[in-house]
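Just below is one structure, and these are the notes that go with it.
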Amino acid sequence: MSLAASELILNPDGSIYHLNMQPEQLADTVILVGDPERVSKISCYFDRIDTEIRKREFVIHTGEMGGKRITVMSTGMGTDNIDIVINELDALVNIDLKTRTLKKELRSLKLLRIGTSGSLREDIPVGSLLMSRYSIGLEGLLGFYERPMSEKENVLAQKAQALLAGLDFGIRPEAVSCGTALLEQFRPAGFLEGITLTATGFYAPQNRELRAKNRMPALLSKFRALEFDGYKASNLEMETAGIYGLATALGHQALSLNAILANREAGIFHDQPKQLVKELIEKSLELI
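Numbering (full-length UniProt numbering), first residue to last: 1 to 288.
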């Protein structure tokens, strides 16, 4: 059955609507970053760049490094943007855009988030590099999607829900795990591993308070008590759960790598954030 024009939206040139991208411009390995300016900080390591696209917050470079084809693209901040990005990347490889029909043979992408984050625990200092073994979505996106869940994901989601007892939270937490093949690929780098919380915003949703009052100031302290499968709740950011959940639903592999810039328990911030992000980029590219 052909997908309606209102569901699969294309530009006049046949490219996918938001990303403005054609299927042949996408590599099987995709690096996702939040900041559009970070795209060129990664693609500068490529041997060559074949494709450059810019539309809204989405900056996309596809090229080659060491004989491997790679796409790096910015998503902007938050799982609302991740919803657009992952669905449209999947459409580029698994839907025939000309006939608007699903392909019989599906293609699996490797999705690698390279981003910044704040640690929840004093024993994860600023300057650390951390892989998200699991993620807990506290922003609501995954509640809209059907997806397979493992027994461990179900148990972790129940633990997260129990921690929120007594808080008028209003959103069911969703638990998701990373792509295990990518996890093993990146373990030789020696990154820390933990459970990442994905929030719907930067200030009150992450327990920050400037002038607008935070209604749930106990949120982070509750999650600091979370331990599961040998991992502890480790850090907080705004994209990982959405990436993991949609990757699982659509048959892709995903892994989130985090440069820890802030320590929320100690109340400190890294004094050289750009250098730490550069270190994370270089270590990641070595293993890609």
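Every residue, glycine too, gets a C-beta built ideally from N, C-alpha and C. Treat the numbers as computed from the prediction; the structure is a model and nothing was measured.
For E64, is the beta carbon positioned less than 7 Å from some heavy atom of the ligand PLP? The ligand PLP is not part of this structure, which contains no ligands at all.
Task: Three-state secondary structure (DSSP) of F228 - done: Strand at F228.
Residue from E52, M65 and L183 with nearest C-alpha to F46: M65
Contacting residues, own chain, Cβ-Cβ under 6 Å from K55 (five flanking each side not counted)
The beta carbon of K55 lies closer than 6 Å to those of N20 in the same chain, with the five residues before and after it left out.
Query raised in the report: Over what stretch of residues does the beta strand (DSSP E) that includes S177 continue unbroken?
Result: E174 to S177
Do Q253 and S108 have their beta-carbon atoms positioned less than 8 Å apart in this structure? yes
Open item on the list: My output table needs one value for E105: the three-state DSSP class, helix, strand or coil.
Closed with: coil
| message | Beta-carbon within less than 6 Å of L192's beta-carbon, same chain only, minus the 5 sequence neighbours each way: which residues are those? | response | S128 and L130
Using the C-alpha atoms, what's the distance from Y203 back to L210? Taking the straight line from one Cα to the other gives about 8 Å.
query: In whole angstroms, what separates the C-alpha of G76 from that of A212?
result: For G76 and A212, the distance between alpha carbons rounds to 24 Å.
Checklist entry - Taking the continuous beta strand (DSSP E) assigned at D50, which residues delimit it? => result R48 to K55
### Query
What residue does the alpha helix (DSSP H) around S40 start on, and which one ends it?
Going by DSSP, S40 is part of the alpha helix (DSSP H) stretching over E37 to S43.
Three-state secondary structure assigned by DSSP to residue 291: Because the chain is modelled from 1 through 288, residue 291 falls outside the range shown and cannot be assessed.
task = Ignore the nearest five residues each way along the sequence and tell me which others in T240's own chain have a CB closer than 7 Å to its CB.
result = So the list reads R113, S132, S135, T196, T198 and S256, once near-sequence residues are dropped.
Segments of 3+ residues assigned as beta strand (DSSP E) that fall wholly inside the stretch 240 to 284: 253 to 263
Taking three-plus beta-carbon pairs below 8 Å as touching, is the stretch 154 to 161 in contact with the stretch 174 to 183? yes
Based on DSSP bridge pairs, tell me the residues matched to F58. K55
- For the alpha helix (DSSP H) containing T196, list its first residue and its last residue. From DSSP, T196 is part of no alpha helix (DSSP H) but of the beta strand (DSSP E) over L192 to T198.
**Report entry** DSSP-derived helix/strand/coil call for I114
**Finding:** Under the three-state reduction of DSSP, I114 is assigned to strand.
Q) Under the DSSP definition of a beta bridge, which residues are partnered with E64? A) DSSP, once it has assigned bridges, lists R48 and R69 as partnering E64.
>> Taking the straight line between their C-alpha atoms, what separation do you get for G230 and K152?
In response: 12 Å
Just the Cα atoms here: how many angstroms apart are E52 and L182?
26 Å
Query raised in the report: Do you know how far the Cα of L26 is from the Cα of T99?
Result: 19 Å
How is N235 classed by DSSP in three states: helix, strand or coil?
strand
Is S119 closer than 8 Å to I268 when the C-beta atoms are compared? no
Would you be able to state if there are at least three C-beta pairs under 8 Å between the stretch 215 to 228 and the stretch 161 to 174? yes
Handout entry: Chain-order list of residues whose beta-carbon lies under 6 Å from that of V277 (same chain, five-residue window excluded)
Key = A259
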